[in-house]
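Colleague:
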Amino acid sequence: WFAWKTGEAKDYYAPSLWKNSGFASLYLISNLVKWPIIGVMLGPILGENMNWRKDPKRLAAYQKATWIWFALFAIRLGIQYPLYKTNQLNALGVANIFLGFPLYLATLWGTWLVIKSVPITKAN
60 WFAWKTGEAK DYYAPSLWKN SGFASLYLIS NLVKWPIIGV MLGPILGENM NWRKDPKRLA
120 AYQKATWIWF ALFAIRLGIQ YPLYKTNQLN ALGVANIFLG FPLYLATLWG TWLVIKSVPI
180 TKAN
């Protein structure tokens, strides 16, 4: 839609840049205020609710996992934005292949390794 609206083929990639900027900001801020978004999402699913916040090791694990996700979005943005700004659309298209599913799988795997390394905090 954006490419059609602006008449610029490169604007096909604009929503991805905005998405990665937004998610990178969300994950960064959540970690800086010590409410890592990964813990907020996984705590209730794993039966911890928010009790993980009282466990320094579990809090640290969720923060580390959140940094992994921040890195995913920052890496995408760091590679995509320069290619977008310099109109290197072929390179941007190829980069998006590697920055998509393969990087996402690596991020999931890293998250799993970090989270499983610390026992779940029991809910009260």
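First residue of the sequence shown: 60, per this note's numbering; consecutive thereafter. For each residue, glycine too, the CB sits at the ideal point set by N, CA and C. Bear in mind that the values here come from a model prediction, so they are computed numbers and not experimental data.
1. To the nearest angstrom, how far is it from the Cα of Q139 to the Cα of P161?
2. Who are the Cβ neighbours of Y121 in its own chain at under 6 angstroms, not counting the five residues just before and after it?
3. Cutting at 7 angstroms between CB atoms, please list the residues of its own chain near K69, excluding the five before and the five after it.
4. From the DSSP output, in three-state form, read off I179 for me.
5. Could you give the first and the last residue of the continuous alpha helix (DSSP H) run that contains G159?
6. Roughly how many angstroms lie between the CA atoms of K116 and K93, to the nearest whole one?
7. Between which two residues does the alpha helix (DSSP H) harbouring Q122 extend?
Modeller: In short:
1. Translated into the one-based positions of the sequence shown, residue 139 becomes position 80. Translated into the one-based positions of the sequence shown, residue 161 becomes position 102. Cα-Cα distance, rounded: 16 angstroms.
2. Locating residue 121 in the sequence shown gives position 62, counting from the first residue. Here the set comprises P95, I97, G98.
3. As a position in the sequence shown, residue 69 is number 10, starting the count at 1. Once the five neighbours on either side are set aside, the close Cβ partners of K69 are Y143, N146, L148.
4. Counting from 1 along the sequence shown, the entry for residue 179 is found at position 120. I179: coil per DSSP, three-state reduction.
5. Here residue 159 refers to the residue found at position 100 of the sequence shown. Looking at the DSSP string, G159 is not in any alpha helix (DSSP H), and its letter there is neither H nor E.
6. Counting from one through the sequence shown, the residue named residue 116 turns up at place 57. Counting from one through the sequence shown, the residue named residue 93 turns up at place 34. If you take the alpha carbons of K116 and K93, they lie about 13 angstroms apart.
7. Along the sequence shown, read from residue 1 onward, the residue named residue 122 stands at position 63. Counting along the chain, the alpha helix (DSSP H) containing Q122 begins and ends at 115-144.
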